[in-house]
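Enquirer:
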Amino acid sequence: METPPKVWGVFVVYGLAAVAIVLASMLAIAVLHAADPDLAPEDVLRGVHGLIAGALASSAALLGTCWIATRGLTLGELRLVAARERGRDLAVTILGVLALGQVLDSLTVLTGLSERGTIQSIRHALAGVTGPDLFFAVLVIGPIAGTAEEVFFRGYMQSRLRQRWPPSASILATSAAFALLHFDWLHGVLACALGIYLGLCTEATGSALPAVTGHVVNNSLFTLLTALVGPVPGFEANLVLLTGAGLIF
């Protein structure tokens, strides 16, 4: 029988993943700057190409760290195989993620926080993007980044902590760690709320696959709607959206 992992070892892997993300992001910025030397390094991050490169770098860092840390483990031990979930569970997870996302988005507007933090920078980078840039933005931010984050946090981190801790502690610790990697308090709070919900879904179904699916769908729709439609303005409109999404959630 396998010995449960040391808790400190899981957090060491998390720390290494954070370092890998920083280094990979710096490399991505350097590559983009080399491709266009006239563009200042800080301006590289403001456009859609910087957003795509950053998301791709972070995803590669998370997946690479996870692969190294989980050698010898099976997909079942990482809860990356089907368990108790059914089609209805996937639908509920996706609907819940989208409803929660809308609740959080509307709350930022109603509280006057929508113009702050990295979320606003992401919206500016995606605004009006079409064609190949939009395709790659959806691909990287949706399926690639969404999968990478869930494989690492719900598949690896929460599953390993769960062998030592009760579900509530595992979910909260993993969600807090997920939030900290966003390096922005507002984006971090939103990520923590999302992480708690996806963590609950993982424990309820015994599999991280519903969380992967929900995260991918949420990120993909956010990218598409931000580029093609933009944020919903106005107090009244967001109050209606908040109420409707809250009732669904």
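One point on numbering: in this note's numbering, the residue at position 237 of the sequence shown is 237, and numbering is uninterrupted. The C-beta atom is built at its ideal place from N, Cα and C for all residues, glycine as well. A quick note: this is a predicted structure, and the numbers were derived from the prediction, not measured.
1) Any chance the segment 173–181 sits against the segment 117–126, with 3 or more Cβ pairs inside 8 Å?
2) With a threshold of 16 other CB atoms inside 10 Å of the CB of M1, please say whether the residue is buried or exposed.
3) Please classify M1: does DSSP put it in a helix, a strand, or coil?
4) Look at the alpha carbon of A30 and the alpha carbon of V48, and state the distance between them as a whole number of angstroms.
5) According to DSSP, simplified to helix, strand and coil, what is W165?
6) Can you tell me where the alpha helix (DSSP H) with Q120 in it begins and where it stops?
7) Whole alpha helix (DSSP H) runs in the segment 40–97 with 4 or more residues, listed along the chain?
8) Leaving out the 5 sequence neighbours to the left and right, which residues in its chain are closer than 7 Å to T70 when beta-carbon positions are compared?
9) Consult DSSP for H182 and reduce its assignment to one of helix, strand or coil.
10) Once DSSP output is grouped into helix, strand and coil, what is the label at G230?
11) Suppose the cutoff is 6 Å on Cβ atoms and the five residues either side in sequence are ignored; what does the same chain contact list for F153 look like?
12) So the alpha helix (DSSP H) D38 belongs to, where does it begin and stop?
13) For A91, does the count of other Cβ atoms within 10 angstroms reach 16, so buried, or fall short, so exposed?
14) Any idea what DSSP makes of T130, helix, strand or coil?
15) Under the three-state reduction of DSSP, which class applies to G112: helix, strand or coil?
16) Going by alpha carbons, who is nearest to S159 out of T108, C66, A245, L39?
17) Under the three-state reduction of DSSP, which class applies to K6: helix, strand or coil?
18) Measuring CA to CA, which of G244, S170, T226 is closest to V129?
19) Say whether the segment 104–118 touches the segment 231–238, bearing in mind that this needs 3 or more beta-carbon pairs closer than 8 Å, one atom from each stretch.
20) Express the C-alpha separation of V19 and L75 in angstroms, rounding to a whole number.
21) Hey, could you find the ends of the alpha helix (DSSP H) A208 is sitting in?
22) Spatial neighbours of I245 within its chain, please: C-beta separation below 6 Å, excluding the five flanking residues on both sides.
23) Hey, L32 and V44 are a contact pair by Cβ (cut 8 Å); roughly how many whole angstroms apart?
24) Looking at R123: is its Cβ nearer than 8 Å to the Cβ of P4?
25) Here's the rule I'm using: 16 or more other beta-carbon atoms within 10 Å means buried, otherwise exposed. How should R86 be labelled?
Expert: Based on what the coordinates show:
1) no
2) Confidence at M1 is low in this model, with a pLDDT of 48, below 50, so the placement of that residue should be treated as unreliable; the coordinate-derived value is given next. Result: exposed.
3) Note on M1: pLDDT 48, under 50, position unreliable in the model; no value is reported.
4) 16 Å
5) coil
6) 117–126
7) 41–44, 48–69
8) L78, Y156
9) coil
10) coil
11) T174, F178
12) Element bounds for D38: n/a, residue is neither H nor E.
13) exposed
14) coil
15) coil
16) C66
17) coil
18) T226
19) yes
20) 25 Å
21) Unbroken run through A208: none, as it is neither H nor E.
22) Sequence inspection shows Ala at residue 245; the Ile mentioned does not correspond to that position. Closer than 6 Å at the Cβ level, and outside the excluded window around A245, lie A99, Q102, V103.
23) 5 Å
24) no
25) exposed
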